[in-house]
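**Q** Under this note's numbering, think of the first position of the sequence shown as 1209, with each following residue one higher.
The beta carbon of each residue, even a glycine, is placed where N, CA and C say it ideally should be.
Model, not experiment: these values are computed from the prediction.
Just passing along the structure, written as structure tokens.
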Amino acid sequence: MESTIQGNLAHIKGRIQEACLKAHRNRDEVRLLLATKTVDAERVQQVLDLGENLIGENKVQELKEKCPIYKDPIPEVHFIGHLQSNKIKEVIKWADCIESIDRLSLAEKLNNRLEFEQKKIDVFIQVNTSYEESKFGVAPEKAIDLIRSVSNLKNLNIKGLMTIGLFSAEPEKVRKCFQLLKKIQSEANALKIPGVSLNELSMGMSGDLEIAIEEGATIVRVGTAIFGQRIYPDSYYWNEGKPVTEA
Ligand SMILES: *Cc1c(COP(=O)(O)O)cnc(C)c1O
């Protein structure tokens, strides 16, 4: 069991290394985020013990169950799932960064709570670059407006953008999603909005991390290729039925 995880991790690191070489990028420009949904804390700890230090969770419930268990040095924790505003109080107890800001109402509520607690947090704006109904994320055309609005909320530090690429066997379609995220990053940075310097692009997963690295990813989020197949379908994490439209 352990050796499988160790082997998987080595394999993924090899793929990242290879992709960086091919894209003429420095290996240290790309961080590996362990996407740990459904993986129990003991198995995550095995990978942390091998020197990894960045994890991402999709559900607040899993955050609060697993985070207290991790040993020193405790990992940096990103929240990468759909965030409902009634979970804000919990999420900011555990997460160092929220990658899934996709609407102003959520950002404002988060900012209010942080103001109350006299805290700040790093955030990414999640963009729905594949235009799939089933995925969360702000529409690409509305991303700049959202970035501008979020930049006015002083307890949120916007660090970058996040996306989930199209699931497709056609790499060029997947690549378009990542190129679009990069384009939004460049446009936003060119506007020189006070307080906004988007340095991070969180994109690429087990199946498409090479393409994402070629297109400029600074964080790749990998689950299956390290921990194995999950029992729950991703739709359980990614749309939750998706009737949750908040005002
Ligand atoms: C599950 C998940 C990942 C990792 O996906 P794998 O295909 O298992 O590597 C990345 N990002 C998000 C937002 C996820 O929910």
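Let me know the secondary structure DSSP gives residue 1456 once reduced to three states.
**A** Any property of residue 1456 remains undetermined from this structure, which presents the chain solely from 1209 to 1455.
**Q** So what's residue 1434 in DSSP terms, helix, strand or just coil?
**A** helix
**Q** Once DSSP output is grouped into helix, strand and coil, what is the label at residue 1408?
**A** strand
**Q** Which value, in whole angstroms, describes the spacing of the CA atoms of residue 1376 and residue 1430?
**A** 17 Å
**Q** Just how far apart, CA to CA, sit residue 1207 and residue 1418?
**A** Not covered by the structure: residue 1207. The range shown for the chain is 1209 to 1455.
**Q** Who does residue 1268 pair with in a DSSP beta bridge?
**A** None, per the DSSP bridge assignment.
**Q** Does the beta-carbon of residue 1336, which I'm using as the reference point, lie nearer than 7 Å to any heavy atom of ligand 1?
**A** no
**Q** Can you give the beta carbon distance from residue 1312 to residue 1359, rounded, assuming they're within the 8 Å contact cut?
**A** Rounded, the Cβ-Cβ distance is 11 Å, inconsistent with contact.
**Q** With DSSP collapsed to three states, give me the class of residue 1368.
**A** strand
**Q** Using the C-alpha atoms, what's the distance from residue 1275 back to residue 1268?
**A** 10 Å
**Q** Which runs of the beta strand (DSSP E) spanning at least 3 residues fall entirely within the stretch 1299-1339, listed in chain order?
**A** Those beta strand (DSSP E) runs which fall completely within the stretch 1299-1339 and span 3+ residues are 1305-1309 and 1329-1334.
**Q** Under 8 Å, with one C-beta from each stretch per pair, do the stretch 1271-1288 and the stretch 1335-1342 reach the 3-pair mark?
**A** no
**Q** Kindly list the residues whose CB is nearer than 8 Å to the CB of residue 1320, restricted to its own chain and excluding five residues on each side of it in sequence; keep chain order.
**A** If you ignore the 5 residues before and after residue 1320, its C-beta comes within less than 8 Å of no other C-beta in its own chain.
**Q** Buried or exposed: which applies to residue 1334, given that a residue is buried once 16 or more other Cβ atoms fall within 10 Å of its Cβ?
**A** buried
**Q** Which residues in the same chain have their Cβ closer than 6 Å to the Cβ of residue 1399, if we skip the five residues on either side of it in sequence?
**A** none
**Q** Please return the same chain residues whose Cβ sits closer than 7 Å to the Cβ of residue 1381, not counting the five positions on each side in sequence.
**A** Short of 7 Å from the beta carbon of residue 1381, and not among the five residues preceding or following it, lie these beta carbons of its own chain, in chain order: 1374.
**Q** What's the gap between the Cα of residue 1366 and the Cα of residue 1221?
**A** 28 Å
**Q** Taking residue 1316 as the reference, which of 1386, 1346, 1364 and 1280 has the closest Cα?
**A** 1364
**Q** Taking the straight line between their C-alpha atoms, what separation do you get for residue 1241 and residue 1322?
**A** Going by C-alpha positions, residue 1241 is about 25 Å away from residue 1322.
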